[in-house]
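Be aware that the sequence shown starts at 1, since it is given in UniProt numbering, and climbs by one per residue. Reviewing the structure listed below.
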Amino acid sequence: MAEQQIDPVYSYEPKIKRQDFPNDFMFGVGTSAYQIEGAWNADGKGLHIWDCYALRHPEYIDDGSNGCVTVDFYHKIKEDVQLLKKMGVKYFRFSISWSRILPGGKVSMGKNLEGINFYNKLIDELKDNEIEPFVTLFHWDLPNALEEEYMGFLSSKIVEDFVNYAEICFWEFGDRVKYWVTLNEPYRFTYGGYVEGSFAPGRGGNDQDGDPETEPYLVAYNLLNAHAAAYRKYQEDFKDAQKGQVGITLDTNFFKPFNGNNADDVKAVEYALDFMLGWFMEPLTSGNWPNNLQNFAIAPSLHYPDGRSLKQFTEEQKKKLIQSYDFLGINYYTSNYARYVKSSGLSTGFLTDCHYNASGAPQSNVKITVVEDEDGKEKKIKCSGKTYEEVRDDAFRLKYIKRHLEAIKRVNSDHRLFTKPLVMGYFVWSFTDSYEWSSGYTIRFGMNYVDYNNNLLRYPKNSVFWFKKFLSEDKLRGTQKRSLTNVVDEEDGADESNGAPVKPEQAIEVVQKLKKAKT
């Protein structure tokens, strides 16, 4: 095994204070429904695609687990809100499970009053404790009924059903919810679900029925139209009365060229950003796809040797799309070096179209820790069985948070002469340890440790104590409007793994027939 040393620059720890930010700066923590709620079939909730994916195919999850129970937030609202209050956060980001509101996915199939009551109780509990709800409408858990009926986001029919679902949420909760996120990370949903096939609904990758040559672009098209339609619905029917804001949360990495002296690698950075952030951001600003995506996504491919078509937005769709956000959320995971990949032969789909590979190690003198196996290949190491005592000192996370807060302070200071400074909030991911999608319970992103072997008890990691102290400092700055940044500390999760395995429920056939799309 070979191990390089960490560059001394990474040992720097900034000094940051609450007074460095204005009074109205939003400090909070984030979660999502499937990752924390549990109660997967309780009180009239319908199945969603992650229920089906994890239960039918435990072999696709690193530890074979599922989110049927996870940290049981559904039954622990009061104690978890008290934990939020004790932490001192004033904003709590959570998502609504579409299938808990509409079990059949559609208004015509009826709404679930128990599901609506659950979110009403949560919102009221937050408001009673002076915590503002920051609500996401779609965090990847599409009702399975819509996947069955018309293949979900592969069909334009999804737009109307999403708007109807959003309208119910605006009507039922909008008197108390003033911040709405339509979609969380549409790139991650599309890439995982339709390129790699590692996320529900499991298309792409080794899935024989998926089509990574065309499906990712069609899904992105329908996601964006669904977002824009929901945004316009709020503006037209709810904005005047409820005075809320609606935005979207995108995710992106930071990229630098693998070889700064190589013009192709420099260009690869542009490709990387266009195929990750620009894929969704450019239509929101211009109504068009990024030029690089537009050019590469129509190139001849294995199953389309004469070239592919890329759906373009109509003039009416462009009007709805452009500037369809009151704020923009940015989920930031990590940084990569982009290396140019030359096209050879017919495209195999998105992974070929993007013309870059991302890596963690550059061709330079910068020293970064890389663990390699005997063959020299980078090895993903996952530890298991760590206890609270072993992970409570989450120093890496704390350094990560401090350095990102310092960066926000710096960028707002640099733009202090602008009428609208750039960043208005920071949400740490995540509130508690939880179900981490295809990684199951093998990693822990939570500021609060959850003991999966002992009644799901919560224990604060050291970052919680620092965050509480930081938030309790006097707030001396004035109020200004800003845009939103949501930062995720994925690197931390690599060091902190589950203290105990969670036994998955038996793999079962959760629907009579799970249809596959015909391409």
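Just so it is clear, CB atoms sit at the ideal spot from N, CA and C, and this is done for glycine as well. Just so you know, these numbers come straight off a predicted model, no measurement behind them.
Rounded straight-line distance, which links the Cα of residue j to that of residue i
i, j, result
"E125", "D80", "10 Å"
"P290", "L113", "42 Å"
"K17", "F470", "6 Å"
"D128", "E59", "43 Å"
"C68", "A39", "6 Å"
"L83", "G174", "25 Å"
"H415", "F21", "14 Å"
"G307", "D353", "12 Å"
"K377", "G260", "Interpretation of K377 is limited by its pLDDT of 33, a score under 50 that renders its predicted location unreliable; no figure is taken from the coordinates."
"G156", "L223", "Reading off the sequence shown, one finds Ser at residue 156, where the question assumed Gly. Roughly 9 Å between the two C-alpha positions."
"Y426", "P460", "19 Å"
"A241", "N455", "43 Å"
"F234", "V246", "Note on identity: in this sequence residue 234 is Tyr, with Phe being the wrong assignment. Each residue's Cα considered, the two are about 8 Å apart."
"Y441", "Y221", "32 Å"
"N66", "T387", "21 Å"
"F350", "Q19", "45 Å"
"C383", "H57", "Interpretation of C383 is limited by its pLDDT of 34, a score under 50 that renders its predicted location unreliable; no figure is taken from the coordinates."
"F27", "Y332", "16 Å"
"D51", "I298", "34 Å"
"K86", "E390", "23 Å"
"G210", "S438", "18 Å"
"S472", "K90", "11 Å"
"S364", "Y271", "Legend: pLDDT at S364 = 41, less than 50; position of this residue unreliable, no value from coordinates given."
"V135", "P305", "44 Å"
"V450", "I77", "15 Å"
"G192", "F327", "25 Å"
"L250", "Y435", "21 Å"
"D72", "D63", "19 Å"
"V107", "A166", "11 Å"
"N184", "L302", "31 Å"
"L122", "F296", "45 Å"
"I131", "W171", "20 Å"
"Y179", "A395", "31 Å"
Assumed close pair residue i, residue j - CB separation to whole angstroms, cut-off 8 Å
i, j, result
"S335", "N262", "No, S335 and N262 are not in contact; Cβ-Cβ is about 18 Å, not under 8 Å."
"K111", "I168", "6 Å"
"D161", "H48", "Not really, about 13 Å apart at Cβ, beyond 8 Å."
"C115", "D43", "The question names Cys, but residue 115 in the sequence shown is Gly. With a Cβ gap of about 7 Å, G115 and D43 count as contacting."
"F313", "G287", "5 Å"
Backbone secondary structure at residue i - three-state DSSP
i, result
"R392", "coil"
"N184", "strand"
"P201", "coil"
"H48", "strand"
"G360", "coil"
"I322", "coil"
"Y271", "helix"
"V341", "coil"
"Y34", "helix"
"P14", "coil"
"F153", "helix"
"Y400", "helix"
"F313", "coil"
"V69", "coil"
"V29", "strand"
"R176", "coil"
"R232", "helix"
"P103", "coil"
"P290", "coil"
"G210", "coil"
Close-in-space but distant-in-sequence residues of the same chain around residue i (CB under 8 Å, 5 per side omitted)
i, result
"M109", "L102, P103 and A145"
"Y150", "K157 and I158"
Identified DSSP bridge partners for residue i
i, result
"F254", "S335"
"P133", "F92"
"S347", "S301"
"T432", "N448"
"G329", "T249"
"L457", "D451"
"F138", "L183"
"P143", "H48"
Same chain only: Cβ atoms within 7 Å of residue i, ignoring 5 sequence neighbours per side
i, result
"T214", "R308"
"D265", "P257, F258, N259, A338, R339 and Y340"
"E13", "K399 and K402"
"residue 527", "Here the chain comprises residues numbered 1 to 519, so residue 527 is not present and cannot be evaluated."
"E196", "G204 and G205"
"M281", "L250"
Cβ shell of residue i (< 6 Å), same chain only, five flanking positions each side left out
i, result
"G345", "none"
"T182", "L137, H227, A230 and I248"
"Y74", "E37, G38 and A39"
"K15", "none"
"T31", "F94, S430 and F431"
Proximity test, residue i beta-carbon vs the ligand NAD heavy atom, cut-off 7 Å
i, result
"Y400", "Annotation note on the ligand NAD: not contained in the displayed structure, which lists no ligands."
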